[in-house]
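Trainee: Using our numbering, the first residue of the sequence shown is number 2, and each one after it goes up by one. Sharing a structure below in C-alpha cells format, with a few things to ask.
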Amino acid sequence: MSIEFGSIHNYYERQVLEAVRSTVVAGTDDDSIADIACVALNHLPPRYIRHDVDMRFYLSPEERMEIDRKVMRAVEDAIKFVVSADP
2 MSIEFGSIHN YYERQVLEAV RSTVVAGTDD DSIADIACVA LNHLPPRYIR
52 HDVDMRFYLS PEERMEIDRK VMRAVEDAIK FVVSADP
C-alpha cells in the first residue's frame, strides 16, 4: 500500500493564511505574519482533509459561516497577541 501524505493538510491552514493576508497592516514583516498564522492555527481545532472542495461541499451554509467567524476571531486574537509581544 502506498499512501501519499502530501495531499493531507489541515483545512484551516488556507483559511487562516487568507484571513491573515487580508487583515494585517501593510508593511507587516513575513516573520510576524507567520507568527500570527501559527498562533491562530493553534487556537482552532485540527481538521485534516485531502481535498478542500470536498470539505466545503459537505458543509451547510451555517457551518461555513461559523468556520469563517472562528477563523476571523482566531486571527484577530493572534494579531493582538503577536503585536503585544513584539518589543
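For every residue, glycine included, the Cβ atom is placed at its ideal position computed from N, Cα and C.
1. By a C-beta neighbour count over all protein chains shown, 10 Å radius and 16 as the cutoff for buried, is A35 buried or exposed?
2. Are the CB atoms of I80 and V25 within a distance shorter than 8 Å?
3. Can you tell me which of G28, Y49, L42 puts its alpha carbon nearest to the alpha carbon of H10?
4. Alpha carbon to alpha carbon, what distance is there between D31 and D69?
5. Check for me: the alpha helix (DSSP H) holding H67 runs from which residue to which?
Mentor: Checking against the coordinates, here is how it stands:
1. The sequence position of residue 35 within the sequence shown is 34, counting from 1. By the neighbour-count rule (16 or more Cβ atoms within 10 Å), A35 is not buried but exposed.
2. As a first step, residue 25 is located in the sequence shown; it is residue number 24 there, counting from the start. As a first step, residue 80 is located in the sequence shown; it is residue number 79 there, counting from the start. Cβ atoms of V25 and I80: closer than 8 Å.
3. One-based indexing of the sequence shown puts residue 10 at position 9. Taking the Cα of H10 as reference, the smallest distance to any Cα among G28, Y49, L42 is reached at Y49.
4. Taking the sequence shown and counting its residues from 1, the one referred to as residue 69 is at position 68. Taking the sequence shown and counting its residues from 1, the one referred to as residue 31 is at position 30. Those two C-alpha atoms are separated by around 23 Å.
5. Here the question's residue 67 lines up with position 66 in the sequence shown. The sequence given here has Glu at residue 67, not His. 62-86 is the span of the alpha helix (DSSP H), which, as asked, contains E67.
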